[in-house]
Ligand code: BJW
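Residue numbers (full-length UniProt numbering): 3 to 246.
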């Protein structure tokens, strides 16, 4: 009911404000209201595309043109859309709670556009390319072909600067998160199915330490544990209420 939700929003805001080492984690669901498809669920990308054909190093080695056409399509889609109320609320919360460490699994860059400071992009960014020959990372907003040359070396071997299945997450992103998890007493988890590691393990770790797990998701099947504050609903409606 509405009064139950209001009570939970207040508890969540209090838990966050009084936390010593708060952590924020978002997933594809936070961008759903911007019109960006999620991966899993009813309209999820993985219903029409096989992740193992597109989001693995093996897939890219086998058919770089196919992988690039998928990423070019997603780049164009994201370029037409904007951050929504949830991204702005997250930026608001991070301004009000300067100790908050914020991380996202999303590659759309919307958190940064909405003005959050220092968002840790765990799975990379769709507007960057990485040269497989020299490692050069460049902002690259246009369409890429397998023959598009790298600016710093002759090799035409640009890949998306994105973390695929089986690849390690960047250490400079993971290290501050793992340090935070050792002392984290409240985590806000927004719009993620919790099916991809290591991000899926963060709430588990905070629970183990008996911290608060504040979770926002439209789906049922979340928030079954003692210290959980489960807010079922759309991120764009609930997160702004926590930010108030
Ligand atoms: C709303 C909403 C609204 C909708 N409001 N909510 C077995 C056990 C443990 C681990 C493994 C294992 N087998 C394999 C692994 C490892 C693997 C993994 O976890 N696999 C699982 C599938 C089991 N992980 C990896 O490989 C990672 N790397 C790694 O582990 O490295 C180890 C290593 C160490 C040293 C050397 C070498 C290796 C890398 C993972 C990379 C993930 N990459 C992807 C795609 C690339 C990015 C891109 O192209 O965009 O990242 S997969 C895809 O899933 C994408 C996402 O970031 C990620 C997570 O998805 P997310 O964000 O949770 O989205 P959805 O769609 O799943 O959920 C959306 C949610 O929102 C739903 O719950 C909705 O209800 C909700 N929602 N609308 C609120 N309006």
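Here a beta-carbon is modelled for each residue, glycine too, at the ideal position from N, C-alpha and C.
For residue i, three-class secondary structure by DSSP
i           : result
residue 129 : strand
residue 232 : strand
residue 204 : helix
residue 141 : strand
residue 60  : helix
residue 123 : strand
residue 198 : coil
residue 156 : coil
residue 115 : helix
residue 104 : strand
residue 80  : helix
residue 66  : helix
Counted within 10 angstroms of its Cβ, other Cβ atoms place residue i as buried (16 or more) or exposed
i           : result
residue 167 : exposed
residue 223 : exposed
residue 211 : exposed
residue 108 : buried
residue 100 : exposed
residue 22  : exposed
residue 300 : The requested residue 300 is not part of the displayed model; the chain covers only 3 to 246.
residue 67  : exposed
residue 14  : buried
residue 221 : exposed
residue 3   : exposed
residue 28  : buried
residue 45  : exposed
residue 106 : buried
Neighbourhood of residue i by C-beta distance below 6 Å, restricted to the same chain and skipping five residues each side
i           : result
residue 218 : 192, 233, 237, 240
residue 196 : 202
residue 93  : 116, 117, 118
residue 208 : 186, 189, 215
residue 199 : none
residue 32  : 88, 192, 193, 237
residue 65  : none
residue 47  : 39, 41
residue 324 : Lying before the first or after the last residue shown, residue 324 is absent from the chain, which here runs from 3 to 246.
Same chain, Cβ closer than 7 Å to residue i, five either side skipped, listed in chain order
i           : result
residue 230 : 215, 217
residue 134 : 159, 161
residue 58  : 166, 167, 168
residue 10  : 231, 233
residue 112 : 33, 36, 85, 89
Opening and closing residue of the beta strand (DSSP E) in which residue i lies
i           : result
residue 160 : 160–164
residue 217 : 214–219
Start and end residues, alpha helix (DSSP H) containing residue i
i         : result
residue 5 : 4–19
Close-in-space but distant-in-sequence residues of the same chain around residue i (CB under 8 Å, 5 per side omitted)
i           : result
residue 17  : 188, 214, 216, 231
residue 73  : 128, 146, 162, 164
residue 153 : 138, 140
Touch check for the stretch 84–100 and the stretch 166–181: three-plus C-beta pairs under 8 Å?
no
Flag this pair as touching only if the stretch 143–152 and the stretch 96–103 have three or more C-beta atom pairs under 8 Å; answer yes or no.
no
Spell out a yes or no on whether the stretch 172–179 and the stretch 121–128 are touching, meaning 3 or more CB-CB pairs, one atom from each, closer than 8 Å.
yes
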